[in-house]
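In full-length UniProt numbering, the protein residues as written are 1 to 211.
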Amino acid sequence: MPFFALTTRFFNSLRSTYYDRVMGFDAVARFTVKYQHYMYYPILLFGRFNLYFLSWEYLIMGLGPKKGPAWWHRWFELVGQVFFWTWFGYGVVYASIPTWTSRVLFVLISHMVTAPLHVQITLSHYAMSTADLGIHESFAQKMLRTTMDVDCPKWLDFFHGGLQFQAIHHLYPTIPRHNLRKTQRFVQEFCKEVEIPYAVFTFLGGNKKVI
Numbered sequence: 001m002p003f004f005a006l007t008t009r010f011f012n013s014l015r016s017t018y019y020d021r022v023m024g025f026d027a028v029a030r031f032t033v034k035y036q037h038y039m040y041y042p043i044l045l046f047g048r049f050n051l052y053f054l055s056w057e058y059l060i061m062g063l064g065p066k067k068g069p070a071w072w073h074r075w076f077e078l079v080g081q082v083f084f085w086t087w088f089g090y091g092v093v094y095a096s097i098p099t100w101t102s103r104v105l106f107v108l109i110s111h112m113v114t115a116p117l118h119v120q121i122t123l124s125h126y127a128m129s130t131a132d133l134g135i136h137e138s139f140a141q142k143m144l145r146t147t148m149d150v151d152c153p154k155w156l157d158f159f160h161g162g163l164q165f166q167a168i169h170h171l172y173p174t175i176p177r178h179n180l181r182k183t184q185r186f187v188q189e190f191c192k193e194v195e196i197p198y199a200v201f202t203f204l205g206g207n208k209k210v211i
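In structure tokens form, the structure reads like this:
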């Protein structure tokens, strides 16, 4: 099971098309769901480690394409993993840091300081609806219903790096980052005209809504 249940559908075992397996609602899942509002930030501290796990699982389980024009991607990624762990695991951590205590502390601290990024990534979706309204809902309506933007002054854009405009990013994935704020104004005007809700919260307000 995922660490967080965003809908009551996760209260039972279900098949994930993303992971291509049945995700059982076991004892661990029941515990994490019960206390997920307390565990949200602590779990995000380990988000980087989860990405490592998912990367290796994807490669070892052979979940990528095995035939066709992308057959070589898996081997290319394996080479990349070997290069990264040779550089980081051996060169940076093992060879450069003298004691195991210092090595563990370095890895934990260097990885856990990325938690704000995981908060920014999950914030725009976890606070919003996950319901599937079917084919009668347009693409634009679905993106705006399931995604929110984070309200911040222009001088603080460097902190969010464009992640504060997730609704715009989902509507127009190829828009460059420097045009996201400008595009947001046009979309908000359109939404006002056609009476489609456009969700915008402050960073603190969005976190409160998630919890």
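Quick reminder that beta carbons are idealized off the backbone N, C-alpha and C, glycines included.
| Query | Result |
| --- | --- |
| N- and C-terminal bounds of the alpha helix (DSSP H) containing Thr146 | 139-146 |
| Span of the alpha helix (DSSP H), counted from its first residue to its last, around Thr122 | 115-126 |
| Cα-Cα separation between Ser124 and Phe53, rounded to whole angstroms | 24 Å |
| In DSSP terms, what Ser102 is bridged to | None; Ser102 has no bridge partner. |
| Separation of Ala95 from Phe83, as counted between CA atoms | 15 Å |
| Alpha-carbon to alpha-carbon, Arg177 and Leu171 | 13 Å |
| As assigned by DSSP and simplified to three states, the class of Met61 | coil |
| Residues near Gly64 in its chain [Cβ-Cβ closer than 7 Å; skip 5 each side] | Tyr58, His73, Arg74 |
| For Asp14, the three-state DSSP class (helix, strand or coil) | The amino acid at residue 14 is misidentified as Asp; the sequence shows Leu. Looking at Leu14 - three-state DSSP - the assignment turns out to be strand. |
| Proximity winner among Val33, Tyr35, Leu45, relative to Ser110 (alpha-carbon distances) | Leu45 |
| Three-state secondary structure (DSSP) of Thr202 | strand |
| Touching by the beta-carbon criterion (3+ pairs, under 8 Å), the stretch 143-155 and the stretch 113-130 | yes |
| Spatially closest choice to Arg15 from Ser129, Gly24, Thr7, by CA coordinates | Gly24 |
| Residues that Arg181 bridges to, as DSSP identifies them | Answer is none; Arg181 lacks a bridge partner. |
| Which listed residue (Phe4, Tyr41, Trp155) has its alpha carbon closest to that of Val28 | Phe4 |
| Contact belief for residue 223 with Gly47 at Cβ below 8 Å, rounded distance in angstroms | Nothing about residue 223 can be read from this structure; the chain reaches only from 1 to 211. |
| Enclosing beta strand (DSSP E) for Arg21 [first to last residue] | 21-23 |
| Best match in Phe11, Tyr19, Tyr41 for proximity to Asn207 [C-alpha to C-alpha] | Tyr41 |
| Coarse secondary structure for Asp132, derived from DSSP in three states | coil |
| Whole-angstrom distance between Ala70 and Gln120, CA atom to CA atom | 31 Å |
| Strand pairing of Val187, partner residues [DSSP] | Answer by DSSP bridge pairing: none, since Val187 is not bridged. |
| Secondary structure of Asp149, DSSP reduced to three states | strand |
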